[in-house]
Every structure is written in C-alpha cells, then in structure tokens.
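Student:
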Amino acid sequence: MAIAATVNCGPKIDYADLRTRAKSAFGTLPAAMPGSEKDTSELIALGKALYNDRRMSVNDTQSCASCHVLEGKKGGVDNMKTSPGAKGSLGDRNSPTTLNAGFHFAQFWDGRAASLVEQAKGPVLNPVEMGMPNDKAVVEKIGKIAEYKEAFAKAFPTSKNPITYQNIAEAIAAFERTLITHDRFDDFIKGDDKALTKEELLGMQSFMNQGCTTCHIGPLLGGNSYRKLGQARPYDTKDLGRYQVTKKEEDKFMFKVPGLRNVAITDPYFHDGSVATLSEAVAKMAYHQLGKELGEKEVASIVSFLKALTDKERQ
5 MAIAATVNCG PKIDYADLRT RAKSAFGTLP AAMPGSEKDT SELIALGKAL
55 YNDRRMSVND TQSCASCHVL EGKKGGVDNM KTSPGAKGSL GDRNSPTTLN
105 AGFHFAQFWD GRAASLVEQA KGPVLNPVEM GMPNDKAVVE KIGKIAEYKE
155 AFAKAFPTSK NPITYQNIAE AIAAFERTLI THDRFDDFIK GDDKALTKEE
205 LLGMQSFMNQ GCTTCHIGPL LGGNSYRKLG QARPYDTKDL GRYQVTKKEE
255 DKFMFKVPGL RNVAITDPYF HDGSVATLSE AVAKMAYHQL GKELGEKEVA
305 SIVSFLKALT DKERQ
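What follows is the structure, given as structure tokens:
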C-alpha cells in the first residue's frame with residue numbers, strides 16, 4: 005500500500021507512485037562511464053595532471069581546469085557567461101560542465117565531438133581558447149617536460165612512442181570518466197523516502213507534470229538529444245547551433261539539451277550564458293520551450309527539486 009504524506013496540509017505525495025514515475029522517466033546514473041573498463045590508475049593520474057596543466061596552452065596561462073573548475077566544490081565550470089582564453093579573448097558559448105560529461109551522447113553545445121577523446125582535442129588547438137598552433141607543437145612541448153616522459157611510459161606501457169596527441173586526449177578523457185557525481189535524487193530513486201524533502205518531492209512532481217521531461221529525461225535529465233531553442237516561442241539568438249556543424253536547414257537553432265545534474269552550481273545558463281539564476285532559467289525554458297508562463301511558486305518548487313541534483317560532495 006502506498007504511503008502518502010502532506011506538506012503543511014498542502015498537496016499529498018504518494019512516494020511509491022512518484023518513485024515509479026521518476027524511475028521510468030530518469031532512472032539512475034550508471035556506476036561507471038562508457039569506455040572506462042580499461043582505464044588504469046596510471047592513465048587517470050596522467051589525465052588529471054594534463055587537465056590541470058597550464059602548459060597545455062600557447063602561453064602557459066590556460067588549462068582545461070581554467071574553464072572547467074573542479075576544485076573548491078565547483079561544478080566543472082567557471083561560472084562565467086563566456087570564458088576568456090589564453091590570449092584574453094572571450095569564447096562565444098558558455099562552458100559546459102565536465103561533471104558526468106562522459107554520459108552525454110555527444111560533446112559541445114552543437115554536438116561536434118562524438119566522444120570525450122575527440123572533445124579533449126578541440127580546445128587545445130582552438131585559437132580563442134588554449135591557442136596551440138597544431139598537434140605537433142603540443143606533443144613537442146609536452147615531450148620536453150621530464151615528469152611527463154615517465155608518466156606517459158607508465159600510462160601507455162606497450163607504446164614505443166607514448167607521447168602523442170591522441171594519447172594526450174585519451175588520458176584526459178580517462179580522468180574525465182571518473183567525474184561521476186552522486187546526489188540525493190538518486191538516493192530517493194533507490195528507495196530512501198527521506199533522501200528528499202517534501203518540498204523537493206513536490207518540485208519533482210511539478211517538473212514532470214509541467215512537461216519538463218519532454219527534453220530533460222534519462223539519467224542525466226538531458227544530455228541525450230538535440231532540441232530547437234525557441235520551440236514554442238522564439239528565443240533571441242544569432243547562434244545557429246548545430247547548423248554550424250551539419251549545414252542542414254532543420255538544424256538551425258538546435259542545441260544539445262544540457263543535463264541537469266549539478267545545475268544549481270553551473271550558472272549562468274543557456275548556450276550564451278545570458279541567464280544568471282536558476283529561477284529565471286526555469287521560467288524562460290517553460291516560456292520558450294513549453295509555451296507556458298509559470299508562476300513564482302511553481303518556479304520555486306521546480307528549483308527546489310533541481311537543487312537536489314547537486315553532488316553531495318559539492319554542497
């Protein structure tokens with residue numbers, strides 16, 4: 005028999021029914037990321053070092069961690085609208101989080117990279133980001149650093165020439181495959197009725213009832229499809245999204261749906277970083293994607309649920 009609870013004599017929560025619905029819509033994050041089966045501790049350690057090494061940039065000022073901050077309970081982003089590169093120029097899109105990134109079906113807002121390995125190769129050679137002129141220059145620079153000679157040899161023991169651009173990307177990807185977060189939402193899905201507050205449970209109920217799961221579905225609550233930004237009502241942007249990759253007319257203004265895990269600590273929001281708060285993001289998404297104008301209480305309820313998606317170690 006389902007157990008129901010009330011919130012200040014307000015709406016009732018049927019725990020069993022809500023859990024069943026949530027399991028169906030979201031499920032839980034897997035324990036390991038795809039491709040991690042053969043990752044060794046040596047490979048992961050090398051990847052972590054490279055991820056945090058500013059020498060990966062043309063002038064030793066920029067690392068992966070500069071835009072995708074993990075230290076200090078950060079959410080794998082720099083919390084800037086768009087990020088400055090090695091030479092100070094700003095990028096044209098908001099930096100997505102590296103937390104849980106390996107679960108996404110594609111990388112970047114426009115999905116131009118199919119894997120973490122492919123993604124890792126991009127920013128290093130991007131003139132606006134890390135600014136290295138070509139992959140040979142990267143390999144030559146890293147190859148001159150004494151500690152890396154030993155680290156690459158340990159990480160790629162069967163390779164005669166282990167320091168390659170491919171292996172640099174492989175190592176960074178191996179480290180990023182360890183960035184799996186754990187939150188109270190999953191605890192609820194797995195059977196803990198006390199994992200979420202009643203307010204958060206009502207927020208989850210609203211999230212599903214309002215149709216947010218049209219796009220934000222699956223273990224990441226997103227990260228598994230492309231959607232047109234401005235699906236119900238136009239969104240003002242000059243960025244053509246995935247069209248820039250495919251050149252297909254139907255891909256104009258299509259962007260990868262971001263996963264909502266850790267969304268409360270990855271502000272600002274949207275591909276352009278134009279939205280400062282989570283409340284505003286919820287209201288705008290409802291308006292532009294669902295054609296709905298949510299009241300303040302409804303927005304606050306959904307936000308309370310989204311905050312429960314924050315990694316327990318980053319709260």
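Sequential numbering from 5 applies to the sequence shown in this note's numbering.
Idealized CB from N, CA, C, for every residue including glycine.
Being a predicted model, the structure only gives us computed values, none of them experimental.
(1) With DSSP as the reference, label Leu-264 as helix, strand or coil.
(2) By how many angstroms is the C-alpha of Arg-97 removed from the C-alpha of Glu-204?
(3) When DSSP builds the beta bridges, which residues end up paired with Arg-231?
(4) Can you tell me where the beta strand (DSSP E) with Ile-17 in it begins and where it stops?
(5) Going by beta carbon distance, what residues of the same chain come within less than 6 Å of Met-5, once the five residues before and after it are set aside?
(6) When the Cβ atoms of the segment 209-217 are set against those of the segment 227-235, are three or more pairs found closer than 8 Å?
(7) Does Gly-76 pass the burial test, meaning 16 or more other C-beta atoms within 10 Å, or should it be called exposed?
(8) Here's the rule: buried if 16 or more other CB atoms are within 10 angstroms of the residue's CB, otherwise exposed. What is Leu-94?
(9) In this structure, how does DSSP classify Phe-274 when only helix, strand and coil are distinguished?
(10) In chain order, what are the residue ranges of uninterrupted alpha helix (DSSP H) at least 4 long that sit wholly in the segment 61-115?
(11) For Leu-54, which residues from the same chain have a beta carbon less than 7 Å from its beta carbon, with the 5 sequence-adjacent residues on both sides left out?
(12) Please state whether the Cβ-Cβ distance between His-275 and Ala-236 is less than 8 Å.
(13) Can you tell which of Asp-57, His-108, Thr-65, Pro-88 has its C-alpha closest to the C-alpha of Ala-36?
(14) Within this structure, are the beta carbons of Gly-126 and Leu-103 separated by less than 8 Å?
(15) Kindly list the residues whose CB is nearer than 6 Å to the CB of Leu-47, restricted to its own chain and excluding five residues on each side of it in sequence; keep chain order.
(16) What's the C-alpha gap between Gly-115 and Tyr-239?
(17) State buried or exposed for Gln-123, treating a residue as buried only when at least 16 other CB atoms are found within 10 Å of its CB.
(18) Once the 5 residues before and after Arg-25 are set aside, which same chain residues still bring their CB inside 7 Å of it?
(19) Whole angstroms are fine: how far does the CA of Leu-129 sit from the CA of Ala-137?
(20) Within this structure, are the beta carbons of Gln-209 and Leu-22 separated by less than 8 Å?
(21) Would you mind working out which of Tyr-19, Lys-16, Ser-28 sits nearest Ile-221, comparing C-alpha positions?
(22) For Lys-251, count the other beta carbons within 10 Å of its own beta carbon; 16 or more makes it buried, fewer makes it exposed. Which is it?
(23) Report, in whole angstroms, the separation of the C-beta atoms of Ser-67 and Arg-58, which I expect to be a contact under 8 Å.
(24) Ile-167: which of Ser-99, Cys-71, Glu-151 sits nearest, CA to CA?
(25) Is the beta carbon of Phe-257 sitting closer than 8 Å to the one on Leu-294?
Tutor: A quick look at the data gives this:
(1) coil
(2) 31 Å
(3) Phe-259
(4) 16-18
(5) Note that Met-5 scores 35 on pLDDT, short of 50, meaning its location in the model is unreliable and no value can be drawn from it.
(6) no
(7) exposed
(8) exposed
(9) coil
(10) 68-71
(11) Met-60, Ile-172, Ala-175, Ile-176
(12) no
(13) His-108
(14) no
(15) Ala-159, Ala-175, Ala-178
(16) 20 Å
(17) buried
(18) Met-212
(19) The sequence given here places Pro at residue 137; Ala does not occur at that position. Each residue's alpha carbon lies about 6 Å from the other.
(20) yes
(21) Ser-28
(22) exposed
(23) 5 Å
(24) Glu-151
(25) no
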